[in-house]
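What follows is a set of notes on a single structure, which appears directly below.
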Amino acid sequence: GAGVSQSPSNKVTEKGKDVELRCDPISGHTALYWYRQSLGQGLEFLIYFQGNSAPDKSGLPSDRFSAERTGGSVSTLTIQRTQQEDSAVYLCASSLTGGGTKNIQYFGAGTRLSVL
Amino acid sequence: DQQVKQNSPSLSVQEGRISILNCDYTNSMFDYFLWYKKYPAEGPTFLISISSIKDKNEDGRFTVFLNKSAKHLSLHIVPSQPGDSAVYFCAAEQGSQGNLIFGKGTKLSVKP
Chain A
1 GAGVSQSPSN
11 KVTEKGKDVE
21 LRCDPISGHT
31 ALYWYRQSLG
41 QGLEFLIYFQ
51 GNSAPDKSGL
61 PSDRFSAERT
71 GGSVSTLTIQ
81 RTQQEDSAVY
91 LCASSLTGGG
101 TKNIQYFGAG
111 TRLSVL
Chain B
1 DQQVKQNSPS
11 LSVQEGRISI
21 LNCDYTNSMF
31 DYFLWYKKYP
41 AEGPTFLISI
51 SSIKDKNEDG
61 RFTVFLNKSA
71 KHLSLHIVPS
81 QPGDSAVYFC
91 AAEQGSQGNL
101 IFGKGTKLSV
111 KP
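Protein sequence lines correspond, in order, to chains A and B.
Counting in the numbering used here, the first sequence runs from 1 upward without gaps.
Counting in the numbering used here, the second sequence runs from 1 upward without gaps.
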C-alpha cells in the first residue's frame with residue numbers, strides 16, 4: 001500500500017498476556033518510529049529505528065516493551081505481561097530519512113490496545 | 001515536564017472565520033516545528049512545518065508563525081471550514097534526534 005500500515009487495528013487482551021503489534025512502513029523509508037497516545041494525552045515517543053543503526057530505545061517505559069525491525073522494513077512492537085496502564089493507541093510512523101534531516105513523519109492509523 | 005504545551009484543549013470557531021491554535025515550548029534547542037491534524041480513528045497527518053530560522057510559513061489557508069524569543073508558535077487557518085474540525089497537534093524536533101515531541105493537542109470545531 002501507499003501508506004503506513006498497522007495491524008491489528010484493535011487488540012483486546014487480558015492483564016499479564018503478551019501482545020505483538022505490527023507496522024509496515026512506506027516503501028523506501030529508512031526511519032521508523034513508535035509512539036503511543038494514552039487517553040487525553042499527546043503522542044509519547046517509544047523507539048526509533050534508522051537504517052542499520054542501533055535503535056534509540058530511550059522512550060520505552062519499561063523492560064516489558066521491546067521492538068525489532070527485520071530487514072530494515074517491517075517492525076514489531078512487543079509488550080510482555082501487559083498491564084492496564086498499557087492501554088493506549090500505539091502509532092507507528094516512517095520517514096524517508098532520520099532525525100536531523102527535517103523529514104516529515106507519516107503515521108499509520110494505529111493499534112488500539114485495551115488491557116482488561 | 002512538558003516541553004511542548006498546547007494550553008487550549010478545545011476551540012470553537014464559526015465557518016469562514018479565522019482559527020488560531022497556539023503552542024508554547026520550553027526547549028530552546030528545538031529547531032524544527034510541525035503541525036499535525038488528526039481525525040478520529042485515523043493517524044495524524046502532516047499539515048505544515050517551520051524551521052527555526054524562519055518566522056513564518058504559509059501554505060494555502062494555513063500559516064504557521066514562530067516567535068523564538070517567546071518560544072511560541074501559532075497556526076492560523078483562514079477561512080475555517082467545517083472539514084477542518086479535528087485535533088491539531090504541535091510537535092518539535094531537536095537537532096539530530098529522530099523523534100518528535102508532541103503537545104497534547106487542541107480539538108478544533110468549526111461550526112457551519
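No residue lacks a Cβ here, since even glycine has one placed at the ideal position from N, Cα and C.
- Looking at the DSSP output, residue 88 (chain A) bridges to A:113.
- No Cβ-Cβ contact shorter than 8 Å links residue 6 (chain A) with residue 72 (chain A).
- For the C-beta of residue 77 (chain A), not a single chain B residue is nearer than 9 Å; the gap to the nearest is close to 15 Å.
- Taking a C-beta distance under 8 Å as the contact criterion, residue 21 (chain A) and residue 96 (chain A) do not qualify as a contact pair.
- Using a Cβ-Cβ cut-off of 8 Å, residue 116 (chain A) does not count as an interface residue toward chain B, since no Cβ of chain B sits closer than that to its own.
- For residue 33 (chain A), the C-beta contacts it makes with chain B under 9 Å involve 98, 99 and 100, in order along the chain.
- The C-beta of residue 33 (chain A) has 16 or more other C-beta atoms within 10 Å across all chains shown, which makes the residue buried.
- In the three-state reduction of the DSSP assignment, residue 31 (chain B) falls in the strand class, which pools E and B.
- For residue 11 (chain A), no Cβ of chain B is located within less than 8 Å of the residue's own Cβ.
- It is roughly 14 Å from the alpha-carbon of residue 66 (chain B) to the alpha-carbon of residue 5 (chain B).
- A residue is called buried once 16 or more other Cβ atoms fall within 10 Å of its Cβ, and residue 86 (chain A) is buried on that count.
- In terms of beta-carbon proximity, residue 90 (chain A) stays away from the interface with chain B, with every pair separated by 8 Å or more.
- Contact between the segment 44-62 of chain A and the segment 91-109 of chain B is present, with at least three C-beta pairs closer than 8 Å.
- Per the coordinates, the alpha-carbon of residue 79 (chain A) lies some 11 Å from the alpha-carbon of residue 113 (chain A).
- If you draw a 10 Å sphere on the C-beta of residue 69 (chain A), you find 16 or more other C-beta atoms in it, and that means buried.
- Residues of chain B with a Cβ closer than 7 Å to the Cβ of residue 50 (chain A) are, in chain order, 98.
- When the beta-carbon positions are compared, residue 77 (chain B) and residue 62 (chain B) come within less than 8 Å of each other.
- Look at residue 70 (chain A) here: in three-state DSSP terms it is helix.
- Within the same chain, and ignoring the five residues on either side of residue 26 (chain B) in sequence, the residues whose Cβ sits closer than 7 Å to its Cβ are 3 and 71.
- Per DSSP, the unbroken beta strand (DSSP E) holding residue 22 (chain A) starts and ends at 19-24.
- Neighbours of residue 111 (chain B) across chain A, judged by C-beta separation under 7 Å, do not exist; the nearest C-beta is about 23 Å away.
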